[in-house]
Amino acid sequence: MALPHPSPPSDGDEPALAVSPILQRDTGPIPGDVYLPSTPGHVRWGRLPCRADAPVLTIAPGTCVTIDTVSHEGILEDQGRDPLAYFAQHGVPAASVLGDAVEIAAGPGHDPATDGPHVITGPIHVEGACPGDLLKITVLTLAPRVPYGVISNRHGRGALPGELPRGEGNVSVFCPVEQRPGGLVGVLPVTEGGPRVVEFPLAPFLGTMGVAVDADVRPHSVPPGSHGGNIDINLLVEGSVLYLPVQVDGALAYVGDPHFAQGDGEVALTALEASLRATLRFDVVPREQALAEFGEVAGPLARAGGYLVPTGLDPDLNEAMRACVRAAISLIRARWGVDEHLAYAYLSAATDFDISQVVDLTCGVHARIRESDFEGVPRDRTP
Numbered sequence: 420m421a422l423p424h425p426s427p428p429s430d431g432d433e434p435a436l437a438v439s440p441i442l443q444r445d446t447g448p449i450p451g452d453v454y455l456p457s458t459p460g461h462v463r464w465g466r467l468p469c470r471a472d473a474p475v476l477t478i479a480p481g482t483c484v485t486i487d488t489v490s491h492e493g494i495l496e497d498q499g500r501d502p503l504a505y506f507a508q509h510g511v512p513a514a515s516v517l518g519d520a521v522e523i524a525a526g527p528g529h530d531p532a533t534d535g536p537h538v539i540t541g542p543i544h545v546e547g548a549c550p551g552d553l554l555k556i557t558v559l560t561l562a563p564r565v566p567y568g569v570i571s572n573r574h575g576r577g578a579l580p581g582e583l584p585r586g587e588g589n590v591s592v593f594c595p596v597e598q599r600p601g602g603l604v605g606v607l608p609v610t611e612g613g614p615r616v617v618e619f620p621l622a623p624f625l626g627t628m629g630v631a632v633d634a635d636v637r638p639h640s641v642p643p644g645s646h647g648g649n650i651d652i653n654l655l656v657e658g659s660v661l662y663l664p665v666q667v668d669g670a671l672a673y674v675g676d677p678h679f680a681q682g683d684g685e686v687a688l689t690a691l692e693a694s695l696r697a698t699l700r701f702d703v704v705p706r707e708q709a710l711a712e713f714g715e716v717a718g719p720l721a722r723a724g725g726y727l728v729p730t731g732l733d734p735d736l737n738e739a740m741r742a743c744v745r746a747a748i749s750l751i752r753a754r755w756g757v758d759e760h761l762a763y764a765y766l767s768a769a770t771d772f773d774i775s776q777v778v779d780l781t782c783g784v785h786a787r788i789r790e791s792d793f794e795g796v797p798r799d800r801t802p
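Residue numbers (this note's numbering): 420 to 802.
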């Protein structure tokens, strides 16, 4: 997609966005076998699917689906629930605001007092997926739908609640995107009202990928869990894979919370939030194969950049860390037959444990286990 190239800001001004092709619904490249736009009938705002929900799409395993996702930043109530007006304040012409974001913001059914902020596209019924299986989601492509995003810090949230933000209102920072020789970058002002900016590379990913819970009540969109959901693992870029334990027949998969970039921790509350067009392949790993490959998987498990990435989730960050260590030990023992105390020693010597996020009510930790370290270890022993 061709992205606009904002002009350098003058003193006291934000960059003015040039009009350029935007990935509105039904426009631009749609590389998947099936297309799922984010129409009001295909999304839920603030809640995740449960077993009682009807799918908006049914597919066979192995199908590649191109899914439009919509960022919640710019449509929330504390931003006026009017994306045209909100982004116009930052120099974005109406033609560069996504029509589906406008439709969702204008629709009924979202209560910020009880619902989460995220716009969730789905659910998708994957034929043959049964409880005990793993749903395998392969991230094929992630295309920015717009050339800008927003980073927000809201009161009572973030890593420093009660300390930041300093003022009474929430702080939302508009961040345009520009093309550089090395790729796309976010352009963030260093000081308010000044021309100086800091640039950082984009690494788009979906903060939310999940399966429906085996319950009759739709979960809040913020806390992640064994179902996946808002896991905010920034390793889930193009080429990565996420495995999720299936809880209901058909899995009822969904995605949302698109990011252009995020640092581990996501300390301010949100990272560079912005809408993406994602093309994903959905496969089913039968239970017996899943056990042989990974052992018992109780929560999200990723594969990215040469790493296996087990996770730990808990409202207490210390407990999330402990859960991740246990998951990593279990994975190494099941996959490579390593004795428990030796797996523990290996993790201490060679594995990084990263804080996925500390701002989603349930904290997340993920480990990065290098698969290449085990190339000489045969997978033929049961621990």
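For every residue, glycine included, the Cβ atom is placed at its ideal position computed from N, Cα and C.
Run of the beta strand (DSSP E) containing residue i, from where it starts to where it stops
i, result
"Q681", "Per DSSP, Q681 belongs to no beta strand (DSSP E) and is neither H nor E."
"C469", "Per DSSP, C469 belongs to no beta strand (DSSP E) and is neither H nor E."
"R500", "Segment: none, R500 is in no beta strand (DSSP E) and carries neither H nor E."
"N572", "567-572"
"A562", "553-563"
"C594", "590-599"
As assigned by DSSP and simplified to three states, the class of residue i
i, result
"N649", "strand"
"G731", "strand"
"E707", "helix"
"L750", "helix"
"G460", "helix"
"A504", "helix"
"F793", "helix"
Sub-8 Å separation of residue i and residue j beta-carbons
i, j, result
"T560", "T446", "no"
"P620", "V656", "no"
"G605", "E618", "yes"
"G783", "L732", "yes"
"L671", "P480", "no"
"V484", "L503", "no"
"P643", "D779", "yes"
"H537", "G675", "yes"
"P459", "I539", "no"
"L661", "P705", "no"
"L736", "P563", "no"
"G465", "G575", "no"
"L554", "V545", "yes"
Exposure label - residue i; buried when at least 16 CB within 10 Å
i, result
"S571", "buried"
"P448", "exposed"
"S775", "buried"
"A421", "Note that A421 scores 33 on pLDDT, short of 50, meaning its location in the model is unreliable; the coordinates nonetheless yield the value given after this. So A421 counts as exposed."
"A473", "exposed"
"L688", "buried"
"P729", "buried"
"S457", "buried"
"A631", "buried"
"G648", "buried"
Endpoints, the alpha helix (DSSP H) within which residue i is located
i, result
"H760", "759-769"
"I523", "518-525"
message = Within 8 Å, do at least three Cβ pairs link the stretch 739-759 to the stretch 696-716?
response = Yes: at least three Cβ pairs fall under 8 Å.
query = Given 8 Å as the limit, is there contact between the stretch 553-569 and the stretch 591-598, that is, 3 or more CB pairs closer than that?
reply = The stretch 591-598 and the stretch 553-569 touch, with three or more beta-carbon pairs separated by less than 8 Å.
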